[in-house]
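In my numbering, the protein residues as written are 355 to 507.
Note that beta-carbon positions come from the ideal geometry of N, C-alpha and C, so glycine has one too.
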């Protein structure tokens, strides 16, 4: 369940796992609910070791950015191939790459639990704090445009 929730883009942390275990124990049939206590850190560490789970810092991304996938990238290269077939030889000054990066105040990182060996962990957020965008453009001929800096007004 921990892995499935992480795959959906909403990984859970140490406290959430302990709370899930607590709810499970509390709702089990035939158990005296008044004696059930929240599992401690020792239990969680043993659980993580038994199930090959580790803690990772999740990257916070907006929901709109989480939609990028293999299909979108494949479609892009299919369209690029069609453009080459349609227009033939394209001059290097007409081929460019435009990119941007954000500098933002960090909305906070959260250590979440995932299967051991998982490299990329993302935490989808509805919003993020303020940021500054820096964009640049380079041509296939080797010419670079000066960077453009965009501030939120």
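Backbone secondary structure at residue i - three-state DSSP
i           : result
residue 444 : coil
residue 416 : strand
residue 486 : strand
residue 495 : coil
residue 422 : coil
residue 405 : coil
Integer Cβ distance of residue i from residue j, believed to fall under 8 Å
i           : j           : result
residue 360 : residue 475 : 7 Å
residue 454 : residue 485 : About 11 Å separates the two Cβ atoms, so there is no contact after all.
residue 411 : residue 465 : 6 Å
Paired residues, beta bridge with residue i - DSSP
i           : result
residue 411 : 465
residue 503 : 488
residue 396 : Paired residue(s): none; residue 396 is not in a bridge.
residue 452 : 491
Proximal residues to residue i (C-beta, below 6 Å), its chain only, five neighbours per side dropped
i           : result
residue 392 : 372, 376
residue 501 : 488, 490
Any non-hydrogen atom of the ligand ATP closer than 7 Å to residue i Cβ
i           : result
residue 470 : This structure lacks the ligand ATP; in fact it carries no ligand of any kind.
- Message: Within 8 Å, do at least three Cβ pairs link the region 486-504 to the region 442-449?
- Response: yes
- Do three or more CB pairs link the region 427-434 to the region 364-376 at distances below 8 Å? no
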